Amino acid sequence: MRLETVGKRYGMRQPWVVRGVTAELPAGRLIRVSGRNGSGKSTLLRVVAGVSLPSAGRVTGRPHTGYVPERFPGGLPFSGREYLLHLARVHGLRAEEARRRVGQWLERLGAAGYADQSLRSMSKGMCQKMAIAQALLPSPGLLVLDEAWTGLDQVARAELDAAVEERVAAGGTVLFVDHDQARLAGREDMRLSFDGAGGVAVLAGPAPLAAPQAERVTISLETTRAADVIGQVRAIDGVRVISANVEGTHRPGAAEL
Amino acid sequence: MTALLRYQSAILLRSHRWVFPLIAYGLLMAVSAAGSTSLAEALDWSGAMLVPVVAFLTRGMLTAEPDAARACVCAAAGPVRAQLATLIVPLGAGALLGIAAAVFDVLTAEAAAKAPGPASSSACAKLPPK
Numbered sequence: 006m007r008l009e010t011v012g013k014r015y016g017m018r019q020p021w022v023v024r025g026v027t028a029e030l031p032a033g034r035l036i037r038v039s040g041r042n043g044s045g046k047s048t049l050l051r052v053v054a055g056v057s058l059p060s061a062g063r064v065t066g067r068p069h070t071g072y073v074p075e076r077f078p079g080g081l082p083f084s085g086r087e088y089l090l091h092l093a094r095v096h097g098l099r100a101e102e103a104r105r106r107v108g109q110w111l112e113r114l115g116a117a118g119y120a121d122q123s124l125r126s127m128s129k130g131m132c133q134k135m136a137i138a139q140a141l142l143p144s145p146g147l148l149v150l151d152e153a154w155t156g157l158d159q160v161a162r163a164e165l166d167a168a169v170e171e172r173v174a175a176g177g178t179v180l181f182v183d184h185d186q187a188r189l190a191g192r193e194d195m196r197l198s199f200d201g202a203g204g205v206a207v208l209a210g211p212a213p214l215a216a217p218q219a220e221r222v223t224i225s226l227e228t229t230r231a232a233d234v235i236g237q238v239r240a241i242d243g244v245r246v247i248s249a250n251v252e253g254t255h256r257p258g259a260a261e262l
Numbered sequence: 017m018t019a020l021l022r023y024q025s026a027i028l029l030r031s032h033r034w035v036f037p038l039i040a041y042g043l044l045m046a047v048s049a050a051g052s053t054s055l056a057e058a059l060d061w062s063g064a065m066l067v068p069v070v071a072f073l074t075r076g077m078l079t080a081e082p083d084a085a086r087a088c089v090c091a092a093a094g095p096v097r098a099q100l101a102t103l104i105v106p107l108g109a110g111a112l113l114g115i116a117a118a119v120f121d122v123l124t125a126e127a128a129a130k131a132p133g134p135a136s137s138s139a140c141a142k143l144p145p146k
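Note that the protein sequences, when read in sequence, are chains E and F. To convert a position in the first sequence, counted from 1, into my numbering, add 5. To convert a position in the second sequence, counted from 1, into my numbering, add 16.
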């Protein structure tokens, strides 16, 4: 799946929340989206999940998607089980299969005993479990988690971690935001990092960096003493190409005046 | 799309947001039954009153589903189809109301025609086929 110069703003006169994001989101990868509060993480996740349409650019090749919002405040006139059955059908599952998977996920998330309560009377954590279950029901090719772990108990958090790894292992793409840096730490393949001005840097995650060998890795360094640093980098074993981009030079003579 | 329509219809029914529009329409129909002199006039009135009632129903429908729940459905089925389903359901409910009102108008006009009176019998002769 691919994002091509994707931008999003909420209205013609509003500032761009996300701007010019171009990235390849390959299948079978775990992708962390990071950035400060208000930097546009949730907005990008909504566009990637297909919840809102991009104001500019396009998203292509999106597989079947499950989306977990950051808060799921019940509020619907259903019991948990009824809601999940409806959503399973919306996801395109047949009645029989829908019932089977709803039972299975309620069991896994430790919510089976509460599933026949009305959504309106459920606790925050239990509502969050319903939101997670609906996203995982169809075994989606793209799973988008917007701080989905908040409010979950220990068992459900571990279960969600396991579910994420299952999706990735099955060739799905998983995008997630979480303020806990320890969440799935060291396992992500890629990071989309917000720069605070609506732009996004696409970085390799720790998992591929730890791999013994890769075809090509490009690292950018920022320094004011180029000659020294390049000399040292060139001396490192395994570096093939060095390219330098220089801005705002001062001639030595001018600097001393 | 069928699953989406079923989901949205279930929200409409279970949230009881149809109750007030239905009562409002019932009252408006009662006013019409008491005041119209011909079937054409009664049908005019029920048709015109359908507009605000369906608007009321649609508004109720659009706010019945919390944003987060809507987002989940959008991811599953696409935002356009999700929105379409939310609009088709009150439209369908409006169509049902309209049919019920037309049947009611015709029946009351027939009942009036059986009672003696030249005005109502002439109106009855111009009954459109139902």
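Every residue gets a Cβ at the ideal spot worked out from N, C-alpha and C, and that includes glycine. Given the structure is predicted, the values throughout are model-derived calculations rather than measurements.
Problem - Exposure label - E:ARG37; buried when at least 16 CB within 10 Å - result: Your numbering for residue 37 of chain E matches position 32 in the first sequence. So E:ARG37 ends up on the buried side.
Exercise for the section: Could you check which residue in E:GLY130, E:TRP110, E:GLY210 has the C-alpha nearest to that of E:ALA167? Expected result: Counting from one through the first sequence, the residue named residue 167 of chain E turns up at place 162. The option with the nearest alpha carbon to E:ALA167 is E:TRP110.
Exercise for the section: Please list the partners that F:PRO37 has in chain E, where partner means a Cβ-to-Cβ separation under 9 Å. Expected result: Locating residue 37 of chain F in the second sequence gives position 21, counting from the first residue. Those within 9 Å of F:PRO37 in chain E number zero; the least Cβ separation is about 17 Å.
Exercise for the section: Taking only the alpha-carbon atoms, compute the straight-line gap between E:ASP158 and E:GLY130 and give it to the nearest angstrom. Expected result: Taking the first sequence and counting its residues from 1, the one referred to as residue 158 of chain E is at position 153. Taking the first sequence and counting its residues from 1, the one referred to as residue 130 of chain E is at position 125. Taking the straight line joining both Cα atoms gives about 7 Å.
Exercise for the section: Going by DSSP, name the residue or residues bridged to E:VAL149. Expected result: Start at 1 with the first residue of the first sequence, and residue 149 of chain E comes out as number 144. Per DSSP, E:TYR72, E:LEU180.
Handout entry: Nearest-angstrom Cα separation, counted from E:MET6 out to E:PRO31
Key = The residue given as residue 31 of chain E occupies position 26 in the first sequence. The residue given as residue 6 of chain E occupies position 1 in the first sequence. Rounded to whole angstroms, E:PRO31 to E:MET6 spans 6 Å at the Cα level.
Handout entry: Sequence-distant residues of its chain with Cβ nearer than 8 Å to F:SER138 (five each side left out)
Key = Taking the second sequence and counting its residues from 1, one reaches residue 138 of chain F at position 122. Caution is warranted here: a pLDDT of 47 is assigned to F:SER138, below 50, making its placement in the model unreliable, and no coordinate value can be reported.
Practice task
Using a Cβ-Cβ cut-off of 9 Å, state whether F:GLY76 counts as contacting chain E.
Solution key: Along the second sequence, one-based indexing puts residue 76 of chain F at 60. Closer than 9 Å: no.
Practice task
Find out if the Cβ-Cβ distance for the pair F:VAL70, F:PRO95 is shorter than 9 Å.
Solution key: Residue 70 of chain F sits at position 54 when you count from the first residue of the second sequence. Residue 95 of chain F sits at position 79 when you count from the first residue of the second sequence. Not a contact, by the Cβ cut-off of 9 Å.
Practice task
Closer than 7 Å by beta-carbon distance: list the chain F residues that pair up with E:VAL56, in chain order.
Solution key: Here residue 56 of chain E corresponds to residue number 51 of the first sequence, with the count starting at 1. Ordered by position in chain F, the residues that pass the 7 Å Cβ test against E:VAL56 are ALA87, CYS90, ALA91, PRO95.
Handout entry: Cβ-based burial, E:THR254 [other Cβ within 10 Å; buried from 16]
Key = Here residue 254 of chain E corresponds to residue number 249 of the first sequence, with the count starting at 1. By the neighbour-count rule (16 or more Cβ atoms within 10 Å), E:THR254 is not buried but exposed.
Practice task
For F:MET17, collect the residues of the same chain with a Cβ closer than 6 Å to its Cβ; drop the 5 residues on either side in sequence, then sort them by chain order.
Solution key: Translated into the one-based positions of the second sequence, residue 17 of chain F becomes position 1. Once the five neighbours on either side are set aside, F:MET17 has no close Cβ partner at all.
Exercise for the section: Express the C-alpha separation of F:SER48 and E:ARG4 in angstroms, rounding to a whole number. Expected result: Since the first residue shown for chain E is 6 and the last is 262, residue 4 of chain E is missing from the structure and cannot be characterised.
Practice task
Name, please, each residue of chain E whose Cβ falls closer than 9 Å to the Cβ of F:SER31.
Solution key: Mapped onto the second sequence, residue 31 of chain F falls at position 15. Near F:SER31 (Cβ distances below 9 Å), the residues of chain E are LEU81, PRO82.
Practice task
Within 10 angstroms of the Cβ of E:VAL244, are there 16 or more other Cβ atoms? Answer buried if so, exposed if not.
Solution key: In the first sequence, counting from the first residue as 1, residue 244 of chain E sits at position 239. Counting Cβ neighbours within 10 Å, E:VAL244 comes out exposed, since fewer than 16 surround it.
Practice task
Answer with buried or exposed for E:TYR15, where buried requires no fewer than 16 other C-beta atoms within 10 angstroms of its C-beta.
Solution key: Along the first sequence, one-based indexing puts residue 15 of chain E at 10. Exposed: under 16 other Cβ atoms inside 10 Å.
Practice task
Check each residue of the stretch 46-80 of chain E: if its Cβ is closer than 9 Å to any Cβ of chain F, include it; give the result in chain order.
Solution key: ARG51, ALA54, GLY55, VAL56, SER57, LEU58, HIS69, THR70, GLY71, TYR72, VAL73, PRO74, GLU75, ARG76, PHE77, PRO78, GLY79, GLY80
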